[in-house]
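S.K.:
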Amino acid sequence: MNLEAIARTRGVDLGAWPPRYDPAWRPAPGAEHWLPEVECAPPAARDGLILAKLRAQVRWAWDKSPFYRRKWGEAGVSPDTLESLDALARFPVVQKAELRAAQAAHPPYGDYLCVAPEEVARIHGTSGTTGRPTVFGVGRADWERIGEAHARILWGAGLRPGDRVMICSFFSLYMGSWGALVGAERLGATAFPFGAGVAGQTLMAVQWARELRPTAFYSTPSYALHLAETARREGVDPRALGIRTLVFSGEPGAGIPATRRLIEETFGGLCVDMGSMAEMSPWMTNGECRHRTGMHLWQDLVYTQVCDPATWTPVPDGAEGTPVYTHLERTSQPMIRLVSGDLARWTAAPCACGRTYPRLPQGLYGRIDDMFIVRGENIYPSAIEDTLRAIEGFGGEFRVIISRREAMDDLLIRAEHAGSHAEPALRARLEETMRERLRARLGVRPVVELVPEGTLPRSEFKARRVTDDRDLYRQTLGRRG
Ligand SMILES: [Zn+2]
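Using the numbering used here, the first residue of the sequence shown is number 884, and each one after it goes up by one.
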């Protein structure tokens, strides 16, 4: 039997594009995989399926979107260019700024909306904190396929119909919460969309979790740690909540080894890392399985290539680059080669789960634009987080302040010490340990300043921990000059 015929026995019609899914079909609860014939297929066999989907997706965008027709026309490519998967690298990449410009010129959805506006079932978007917000118009059929994809990936993380999934992230423009919700519903779990961001809500979350005993939990990693601190203040051990699986997206923490360890020790459950970009929903298509060996790239849902940011061609196995994403079954606002700007390494090395998808063993560990340079060394905030969280006596939160004094960069790490390390001699030793381990990891000797645990504000959502004052210094110099 070929792949298509087998998929039909599992409620998937791959002969059509976009594929049709039977919304009532579900694997037996004991099954390890949702669609094993595709997930565990020899990559070359699966590539045939991916190429067929890719051709149909690109043809759809070419026929329906002035944005893509213009862009591809200028680059001299068309759907006929796709003789193989490798030929995708000849297509120009899409940058987020182009999407914003297209929406400014053709409001509200931009000229890459490939369905009639009446077919848009949901509007989401970015918060626009760094410029014009981007509007996501998600078609009705796309929304169902997003649920289908998320259910399959959450199944891989170990979620089952018997689970009670508490979702503690914003229910607003943000896609993540809604995607987790539709995925949990599709796989047959009990969804508990609790939300976040309202004053006093974290304390309420602890009280509700104690009553409702969720077995699975979704939020950002920083929020989970904030919730644990709140629970302990109330005399509740987070382990006593009984959460078996914690699924994260929105920030890189769950892929940072020391943060993952801390979350698993704190809650006594598995910490699973997921997520790509809101534009790419289903955005969980970078998603770990329950073995947690780094996020799998679920290539038959969204085709991902880790690319060299100078040439936009895929980097070799094991090398570092930035993920470039391509939808394979999205009709409303398809993204063909969207640049993420995240940093990752990829590998084709096998995973114990049997899936043959490539993996990102260190997750998304930074952003091209998050990286800062101090005295010639490239530094990622995630490396600082990983180092601090592995040190006994660290109080849980930190800030990074980069400044320039007399043409010399200064790296200041303001870190909390735990209550157990308040005594002056212990503090001095802790400060020295932090300074030395950070120097070994970063190649730069930082100034470490300790403050008591609980001093630094906790984030309800994505933590912003770096302040670079060197721009201020340059501007001041400019004015003086
Ligand atoms: Zn795996």
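We put the beta carbon where it would ideally sit given N, CA and C, even for glycine.
Just so you know, these numbers come straight off a predicted model, no measurement behind them.
Of all the beta strand (DSSP E) runs that stay within the bounds of the segment 1208-1287, which reach a length of 3 or more residues?
M.R.: If only uninterrupted beta strand (DSSP E) runs of at least 3 residues are considered, those enclosed by the segment 1208-1287 are 1219-1222, 1225-1228, 1255-1257, 1260-1262.
S.K.: Which ranges does the alpha helix (DSSP H) cover as unbroken runs of at least 4 residues, wholly within the segment 1026-1097, from first to last along the chain?
M.R.: 1058-1069, 1084-1095
S.K.: Could you check which residue in 1139, 1143, 1065, 1116 has the C-alpha nearest to that of residue 1129?
M.R.: Locating residue 1129 in the sequence shown gives position 246, counting from the first residue. Comparing Cα positions, the closest option is 1143.
S.K.: Using a Cβ-based criterion (distance less than 7 Å to any ligand heavy atom), does residue 1238 qualify as near ligand 1?
M.R.: Walking along the sequence shown from the start, residue 1238 turns up at place 355. Residue 1238 Cβ: within cutoff of ligand 1.
S.K.: Tell me the rounded alpha-carbon separation between residue 1054 and residue 1079.
M.R.: Here the question's residue 1054 lines up with position 171 in the sequence shown. Here the question's residue 1079 lines up with position 196 in the sequence shown. Computed Cα separation, rounded: 8 Å.
S.K.: With the cut-off set at 8 Å, would you say residue 1301 and residue 1276 are in Cβ contact?
M.R.: Start at 1 with the first residue of the sequence shown, and residue 1301 comes out as number 418. Start at 1 with the first residue of the sequence shown, and residue 1276 comes out as number 393. Yes; because the gap between Cβ atoms is below 8 Å, this pair is in contact.
S.K.: In the structure shown, what three-state DSSP assignment does residue 1017 receive?
M.R.: The residue labelled residue 1017 in the question sits at position 134 within the sequence shown. The answer is coil: DSSP assigns residue 1017 none of H, G, I, E or B.
S.K.: Does the Cβ-Cβ distance between residue 1407 and residue 1071 come in under 8 Å?
M.R.: This structure cannot speak to residue 1407, because the chain is shown only from 884 to 1364.
S.K.: For the alpha helix (DSSP H) containing residue 1005, list its first residue and its last residue.
M.R.: Here residue 1005 refers to the residue found at position 122 of the sequence shown. Taken as a continuous stretch (DSSP letters only), residue 1005 belongs to no alpha helix (DSSP H), being part of the beta strand (DSSP E) at 1003-1008.
S.K.: Helix, strand or coil, according to DSSP, for residue 1304 in the structure here?
M.R.: What you label residue 1304 is simply residue 421 of the sequence shown in a count that begins at 1. Three-state DSSP puts residue 1304 in a helix.
S.K.: May I ask you to report which of helix, strand or coil DSSP gives residue 1360?
M.R.: Taking the sequence shown and counting its residues from 1, one reaches residue 1360 at position 477. With a pLDDT of only 44 at residue 1360, under the threshold of 50, the placement of this residue in the model should not be trusted; the figure read from the coordinates follows. It is helical.
S.K.: Here's a check: name, in chain order, each residue in its chain whose Cβ is nearer than 7 Å to the Cβ of residue 1075, leaving out the five neighbours to either side.
M.R.: On the sequence shown, position 192 is the one that residue 1075 refers to. Same-chain partners within the cutoff: 1047, 1048, 1049, 1050, 1095, 1097.
S.K.: Does the segment 1120-1128 come within contact of the segment 1151-1160, defined as at least 3 CB pairs closer than 8 Å?
M.R.: Output reads yes: the segment 1151-1160 touches the segment 1120-1128.
S.K.: Count the other C-beta atoms from every protein chain shown that fall within 10 angstroms of the C-beta of residue 1135, then say buried if there are 16 or more, exposed otherwise.
M.R.: Sequence index remark: in the sequence shown, residue 1135 carries index 252 (1-based). Under this definition residue 1135 is a buried residue.
S.K.: Is residue 1176 near ligand 1, with its Cβ less than 7 Å from a heavy atom?
M.R.: Here residue 1176 refers to the residue found at position 293 when the sequence shown is read from its first residue. Taking non-hydrogen atoms of ligand 1 into account, the C-beta of residue 1176 is found less than 7 Å away from one of them.
S.K.: With which residues is residue 1203 paired in a DSSP beta bridge?
M.R.: Position 320 of the sequence shown, counted from the first residue, corresponds to residue 1203. According to DSSP, which records beta bridges pairwise, residue 1203 is partnered with 1228.
S.K.: Count the other CB atoms, across all protein chains shown, that sit within 10 Å of the CB of residue 1291; report buried if there are 16 or more and exposed otherwise.
M.R.: Counting from one through the sequence shown, the residue named residue 1291 turns up at place 408. Exposure of residue 1291 is indicated by the presence of fewer than 16 other C-beta atoms within 10 angstroms of its C-beta.
S.K.: Go ahead and pull the three-state DSSP assignment for residue 1167.
M.R.: Sequence index remark: in the sequence shown, residue 1167 carries index 284 (1-based). It is helical.
S.K.: Using the Cβ count rule (16 or more neighbours within 10 Å means buried), how would you classify residue 1361?
M.R.: Locating residue 1361 in the sequence shown gives position 478, counting from the first residue. Confidence at residue 1361 is low in this model, with a pLDDT of 40, below 50, so the placement of that residue is unreliable and no value is reported for it.
S.K.: Please identify the residue among 894, 965, 1163 whose C-alpha is closest to the C-alpha of residue 1062.
M.R.: Position 179 of the sequence shown, counting from 1, holds the residue named residue 1062. With distances taken between CA atoms, residue 1062 lies nearest to 1163 out of 894, 965, 1163.
S.K.: Taking three-plus beta-carbon pairs below 8 Å as touching, is the segment 917-929 in contact with the segment 888-905?
M.R.: yes
S.K.: Would you kindly work out how many angstroms separate the C-alpha atoms of residue 897 and residue 1029, rounded to a whole number?
M.R.: Locating residue 897 in the sequence shown gives position 14, where the first residue counts as 1. Locating residue 1029 in the sequence shown gives position 146, where the first residue counts as 1. Using only the alpha carbons, I get a separation of about 16 Å.
S.K.: If you compare alpha carbons, which of 1257, 1243, 1263 is closest to residue 1251?
M.R.: Along the sequence shown, one-based indexing puts residue 1251 at 368. It is 1263 whose Cα lies nearest to the Cα of residue 1251.
S.K.: Any heavy atom of ligand 1 closer than 7 Å to the CB of residue 1234?
M.R.: Position 351 of the sequence shown, counted from the start, is the residue given in the question as residue 1234. The answer is yes for residue 1234.
S.K.: Going by beta carbon distance, what residues of the same chain come within less than 6 Å of residue 978, once the five residues before and after it are set aside?
M.R.: Indexing the sequence shown from 1 puts residue 978 at position 95. Closer than 6 Å at the Cβ level, and outside the excluded window around residue 978, lie 1222.
S.K.: What I want to know is whether the C-beta of residue 1179 ends up closer than 7 Å to one or more non-hydrogen atoms of ligand 1.
M.R.: By one-based count along the sequence shown, residue 1179 stands at place 296. Yes, ligand 1 has a heavy atom inside 7 Å of this Cβ.
S.K.: Rounded to the nearest angstrom, what separates residue 1169 and residue 974 at their Cα positions?
M.R.: Residue numbering aside, residue 1169 sits at position 286 when the sequence shown is read from its first letter. Residue numbering aside, residue 974 sits at position 91 when the sequence shown is read from its first letter. Rounded to whole angstroms, residue 1169 to residue 974 spans 22 Å at the Cα level.
S.K.: Taking the alpha-carbon positions, what's the residue 1073 to residue 939 distance?
M.R.: Here the question's residue 1073 lines up with position 190 in the sequence shown. Here the question's residue 939 lines up with position 56 in the sequence shown. Spanning the two alpha carbons is a distance of roughly 35 Å.
S.K.: Would the beta-carbon of residue 1190 be found less than 7 Å away from any heavy atom of ligand 2?
M.R.: Ligand 2 is absent from the structure shown, which contains only ligand 1.
S.K.: Classify residue 1058 as buried or exposed, calling it buried when 16 or more other Cβ atoms lie within 10 Å of its own Cβ.
M.R.: Indexing the sequence shown from 1 puts residue 1058 at position 175. Residue 1058 is buried by the Cβ-count criterion.
S.K.: Go to residue 1335, then tell me how far its beta strand (DSSP E) extends in each direction, as first and last residue.
M.R.: Locating residue 1335 in the sequence shown gives position 452, where the first residue counts as 1. First-last of the beta strand (DSSP E) with residue 1335: 1330-1335.
S.K.: Count the other CB atoms, across all protein chains shown, that sit within 10 Å of the CB of residue 1256; report buried if there are 16 or more and exposed otherwise.
M.R.: Stepping through the sequence shown from its first residue, residue 1256 is reached at position 373. With fewer than 16 other Cβ atoms inside 10 Å of its own Cβ, residue 1256 counts as exposed.
S.K.: Around the Cβ of residue 911, are there at least 16 other Cβ atoms within 10 angstroms (buried) or fewer (exposed)?
M.R.: To locate residue 911, count along the sequence shown from 1; it is residue 28. The residue is exposed, with fewer than 16 neighbouring Cβ atoms inside 10 Å.
S.K.: Residue 1297 by DSSP, collapsed to three states: which one?
M.R.: One-based indexing of the sequence shown puts residue 1297 at position 414. It is a strand residue.
S.K.: Between residue 1350 and residue 954, what straight-line distance do the alpha-carbon atoms span, to the nearest angstrom?
M.R.: The residue you call residue 1350 lines up with position 467 of the sequence shown. The residue you call residue 954 lines up with position 71 of the sequence shown. If I take the Cα positions, the gap works out to 37 Å.
S.K.: When DSSP labels each residue in this structure, what does residue 984 get in the three-state scheme?
M.R.: Sequence index remark: in the sequence shown, residue 984 carries index 101 (1-based). The answer is helix: DSSP assigns residue 984 an H, G or I state.
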